[in-house]
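Chemist: Just so you know, we're using this note's numbering here: the sequence shown kicks off at 1030 and counts up by one. Below you will find the structure I want to go over with you.
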Amino acid sequence: MSKKVYIFLADGFEDIEGLTVVDLMRRAGITITTVSIKNTKQITTSHGITMLTDTTFHETDFSDADMLVLPGGQPGTTHLGAFEPLTGLVKNFYNNGGKIAAICAAPTVFAEIGLLHGKKATAYPACMEGLGDAVKSEENVVIDGNITTSRGLGTAVDFALSLIAQLLGQEKADQIAESVVYK
């Protein structure tokens, strides 16, 4: 049975952080759905690329999710954190044992909704203070229970491969890394 992942996109998300996760997960056979938090599927990335998501938040039932992912970038992260239907979903999903992941500035959203208290986490260097009372780390990818965080664009491949390993095993993540000539 295929794993199901939702990645939430807002205007101003960091292109590489969002699309690297989508690309590598699809190569691994994971069903990943891009979700606009707007009322339209049209999103503009932080670098001005206009794209269409697979669906919008309000059109989607997330009950089949195995993981929820937030990419960073600004003002994308600010938009994600301000969208209460998403923050409510993430909090409820996590509190019911679901896996959540965020990269760059987006781990601050987890802190803002109270999910990083005493958890080991990382974020973009300028956003580390936004992790609140998390146990801050400078590792590329940090996994603490069902929460995965990562530092930024330069760690996007490591982040995506970690998520693949968590869902399908390290062997599959290694196969994907080899297939894209990573390391």
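All C-beta atoms in this analysis are idealised placements derived from N, C-alpha and C, irrespective of residue type, glycine included.
According to DSSP, is residue 1098 helix, strand or coil?
Modeler: Residue state, collapsed to three classes: strand.
Chemist: Is it true that the stretch 1093–1107 meets the stretch 1036–1054, where meeting means three or more beta-carbon pairs spaced less than 8 Å apart?
Modeler: At 8 Å Cβ cutoff, the stretches touch.
Chemist: Just grab the DSSP bridge partners of residue 1140 for me.
Modeler: According to DSSP, residue 1140 bridges with nothing at all.
Chemist: Look at the alpha carbon of residue 1072 and the alpha carbon of residue 1044, and state the distance between them as a whole number of angstroms.
Modeler: If you take the alpha carbons of residue 1072 and residue 1044, they lie about 11 Å apart.
Chemist: Give me whichever residues DSSP pairs with residue 1080 in a beta bridge.
Modeler: Answer by DSSP bridge pairing, in chain order: 1072.
Chemist: Using only CA atoms, which one of 1061, 1113, 1100 lies nearest to residue 1093?
Modeler: Considering only alpha carbons, the answer is 1061.
Chemist: Please tell me whether residue 1057 and residue 1212 are closer than 7 Å, where the distance is taken between their beta carbons.
Modeler: No, these two residues do not count as a Cβ contact at 7 Å.
Chemist: Can you name the start and end residues of the alpha helix (DSSP H) that residue 1202 belongs to?
Modeler: Where residue 1202 is concerned, the enclosing alpha helix (DSSP H) stretches over 1199–1208.
Chemist: If you run the structure through DSSP and keep just helix, strand and coil, what is residue 1211?
Modeler: Note: residue 1211 maps to coil in three-state DSSP.
Chemist: Between which two residues does the beta strand (DSSP E) harbouring residue 1038 extend?
Modeler: That run of the beta strand (DSSP E) goes 1033–1038.
Chemist: For residue 1141, tell me which candidate among 1125, 1113, 1167, 1128 has the shortest Cα-Cα distance.
Modeler: The shortest Cα separation from residue 1141 among 1125, 1113, 1167, 1128 belongs to 1113.
Chemist: So, does the stretch 1111–1127 touch the stretch 1148–1166, judging by three or more C-beta pairs under 8 Å?
Modeler: Judged by Cβ distances under 8 Å, the stretch 1111–1127 makes no contact with the stretch 1148–1166, as fewer than three pairs qualify.
Chemist: So, at 6 Å on beta carbons, what are the nonlocal neighbours of residue 1162 in its own chain, with the 5 sequence-adjacent residues on each side left out?
Modeler: The answer, listed in chain order, is 1146.
Chemist: Since residue 1130 sits in a beta bridge, which residues does DSSP pair it with?
Modeler: For residue 1130, which the question treats as bridged, DSSP gives the partners 1098, 1177.
Chemist: With a 10 Å radius around its C-beta and 16 neighbouring C-beta atoms as the bar for buried, classify residue 1207 as buried or exposed.
Modeler: So residue 1207 counts as exposed.
Chemist: Which value, in whole angstroms, describes the spacing of the CA atoms of residue 1132 and residue 1138?
Modeler: Rounded to whole angstroms, residue 1132 to residue 1138 spans 10 Å at the Cα level.
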